[in-house]
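In the numbering used here, the protein residues as written are 968 to 1378.
Positions of the beta carbon are idealized from the N, C-alpha and C atoms, including for glycine.
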């Protein structure tokens, strides 16, 4: 047989491509590009607005004495969030939200930075560690949190985890977290969880939670103490526990105090004590469960809408911790949380400048001697037709009022 019958195929020329081949290739390429482009457009990162400050803001000015008069210098939308009563202020900047975006304003109302999610609703806002922590509602509850440096808006930390749909915000200088009827969580500065208490979805190990099936009614935290009230089948209890147990999944409870009313709610927490309010009675306990103080108090509307979890309107003052019962402001001793004084006919929590308190009242802000609790003078403020609660805080040399879904700067 001729050797030509076994000649190797010629591979030096490419296979012939028809016009149909070219059209098919072009169609597949176009579809692939559209799919990639669609994924990019719909990716979460494309719904984020992040405009940090060009330079970190420095707010050096502070009040040295109470002002002699006040006039409005700015007004901004600030949607009310569960458990957030007062203006949210960090490093002299006012943190506001329209429900999707966070905007940081300087004491004169000028924007410093902005952060937002067009596809998410804001569900939590707090300050700690010279930062602001904002939470967004996602497909697994109020579970996406971002920590931003307060003066610049630069990223500091993030977390994403299953959470309740509408939790309340709790925070201290050391911890930020959320509370709902089923669970309490606390996080440290990198937003890693340090403590959880209550019902845990899909627990990795069973029997780590000591009181499953109870309904949490309130929680507050300070330094190393987490205080929780809850209602269980056997009654109501105050649970006093560590903010950072050895295993964050397993609470370390120092005391469980039986309470004689399911309506009891926390209104103050110190470094080693907690106070509960019954509507007509105030009691405080040490972190080992010993009763420190008990007093009958006037009834108020504080607990009228307190179904489920509850976080009170509180403010730290130089000589006292305070809480607002809807009609009056209680000033508590920081050691045993006993009542040092009561300010009647006020609209919310106040702030301090030196030895004077600034407390919102009808038609203005009352300046009150912090020692004698006697009124010094009244600073008129025109609030138009607004007649709800007013909570006061300070940003630089500006008095900031929180009025429902609005913050107003006065100077």
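Close beta carbons around residue i, own chain, < 8 Å, minus the five adjacent residues each side
i            : result
residue 1014 : 1084, 1085, 1086 and 1087
residue 1105 : 1087, 1111 and 1127
residue 1323 : 1032, 1033, 1334, 1335, 1336, 1337 and 1343
residue 1047 : 1371 and 1372
residue 1069 : 1062, 1063, 1081, 1082, 1083, 1089, 1092, 1099, 1101 and 1115
Proximity to residue i [Cα-Cα], best of the options
i            : options                   : result
residue 1331 : 1035, 1214 and 1029       : 1035
residue 1077 : 1157, 1368 and 1042       : 1042
residue 1219 : 1178, 1327, 1016 and 1146 : 1178
residue 1116 : 1052, 1018 and 1240       : 1018
residue 1237 : 1066, 1151, 1171 and 1282 : 1282
residue 1377 : 1318, 1028 and 1039       : 1039
residue 1276 : 1090, 1197 and 1318       : 1197
residue 1271 : 1308, 1247, 1307 and 1174 : 1247
residue 1118 : 1046, 1155, 1057 and 1262 : 1057
residue 1061 : 1067, 1050 and 1044       : 1044
residue 1311 : 1302, 1301, 1321 and 1328 : 1328
residue 1285 : 1140, 1300 and 1296       : 1300
residue 1081 : 1354, 1095 and 1101       : 1101
residue 1098 : 1065, 1028, 1024 and 1227 : 1024
residue 1092 : 1079, 1073 and 1067       : 1067
residue 1150 : 1113, 1158, 1125 and 1195 : 1195
residue 1350 : 1037, 1016 and 1028       : 1037
residue 1181 : 1072, 1223 and 1199       : 1199
residue 1122 : 1016, 1193 and 1222       : 1016
residue 1191 : 1346, 1265 and 1155       : 1155
residue 1387 : 1174, 1258, 1225 and 1356 : The requested residue 1387 does not occur in the structure, where the chain is confined to residues 968 to 1378.
Pairwise C-alpha distance: residue j and residue i
i            : j            : result
residue 1129 : residue 1334 : 45 Å
residue 1260 : residue 1338 : 22 Å
residue 1342 : residue 1132 : 43 Å
residue 1142 : residue 1134 : 16 Å
residue 996  : residue 1183 : Interpretation of residue 996 is limited by its pLDDT of 48, a score under 50 that renders its predicted location unreliable; the figure taken from the coordinates is listed afterwards. Straight-line Cα distance between these residues: approximately 56 Å.
residue 1120 : residue 1202 : 45 Å
residue 1372 : residue 1239 : 34 Å
residue 999  : residue 1234 : Low confidence applies to residue 999: its pLDDT is 45, below 50, so where it sits in the model is not reliable, and the reading given next is rough at best. Answer to the nearest angstrom: the Cα atoms are 58 Å apart.
residue 1030 : residue 1325 : 12 Å
residue 1140 : residue 1169 : 30 Å
residue 1075 : residue 1374 : 12 Å
residue 1153 : residue 1249 : 26 Å
residue 1368 : residue 1269 : 20 Å
residue 1278 : residue 1138 : 11 Å
residue 1109 : residue 1302 : 34 Å
residue 1314 : residue 1352 : 14 Å
residue 1006 : residue 1113 : Residue placement at residue 1006 is flagged as unreliable, the pLDDT there being 37, under the threshold of 50; a coordinate-derived value is accordingly withheld.
residue 1379 : residue 1298 : This structure does not reach residue 1379, given that the chain is present from 968 up to 1378, and the question cannot be answered.
residue 1230 : residue 1345 : 36 Å
residue 1010 : residue 1175 : Low local confidence applies: a pLDDT of 40 at residue 1010 is under 50, so the model's placement there is unreliable, with the coordinate-based value given in what follows. One C-alpha to the other measures close to 37 Å.
Neighbourhood of residue i by C-beta distance below 6 Å, restricted to the same chain and skipping five residues each side
i            : result
residue 1107 : 1129
residue 1361 : 1318
residue 1052 : 1280 and 1358
residue 1244 : 1232 and 1234
residue 1228 : 1245
residue 1059 : 1026, 1362 and 1363
residue 989  : Only weak support is given to the placement of residue 989: the predicted model assigns it a pLDDT of 45, under 50, and the question is left unresolved by the model.
residue 1340 : 1308
residue 1242 : 1234, 1235, 1251 and 1304
residue 1365 : 1074, 1376 and 1378
residue 1320 : 1030 and 1033
residue 1296 : 1289, 1310 and 1313
Sequence-distant residues of its chain with Cβ nearer than 7 Å to residue i (five each side left out)
i            : result
residue 1215 : 1160, 1161, 1162 and 1163
residue 1212 : 1162, 1218 and 1219
residue 1001 : Residue confidence for residue 1001 is low, a pLDDT of 42 falling below 50, so the modelled location carries little weight; the figure read from the coordinates is stated next. Once the five neighbours on either side are set aside, residue 1001 has no close Cβ partner at all.
residue 1065 : 1044 and 1046
residue 1008 : Confidence at residue 1008 is low in this model, with a pLDDT of 36, below 50, so the placement of that residue is unreliable and no value is reported for it.
residue 1157 : 1124
residue 1222 : 1207, 1254, 1255 and 1256
residue 1103 : 1084, 1087, 1088, 1089, 1090 and 1111
8 Å Cβ cutoff, residue i in contact with chain C
i            : result
residue 1136 : The displayed structure is made up of one protein chain only, and chain C is not part of it.
Any non-hydrogen atom of the ligand GDP within 7 Å of residue i CB
i            : result
residue 1023 : In the structure shown, the ligand GDP is absent, as is every other ligand, since no ligand is present at all.
Are three or more beta carbon pairs between the segment 1186-1194 and the segment 1138-1154 nearer than 8 Å?
yes
For the structure I just gave you, are there three or more beta carbon pairs, one from the segment 1160-1173 and one from the segment 1280-1296, closer than 8 Å?
no
Would the segment 1200-1215 and the segment 1235-1255 be scored as touching if the rule is three or more Cβ pairs under 8 Å?
yes
Contained beta strand (DSSP E) runs [length at least 3] in the segment 1272-1348, N- to C-terminal order
1280-1283, 1288-1291, 1296-1299, 1306-1310, 1318-1320, 1323-1328, 1331-1336 and 1342-1347
Every unbroken beta strand (DSSP E) within the segment 1068-1098, with a cutoff of 3 residues, ordered by chain
1068-1072, 1078-1084 and 1088-1095
At 3 residues or longer, and completely inside the segment 1195-1252: list those beta strand (DSSP E) runs for me, N to C.
1202-1209, 1220-1226, 1232-1236 and 1240-1244
Continuous beta strand (DSSP E) assignments of at least 3 residues falling wholly in the segment 1100-1131:
1108-1116 and 1122-1127
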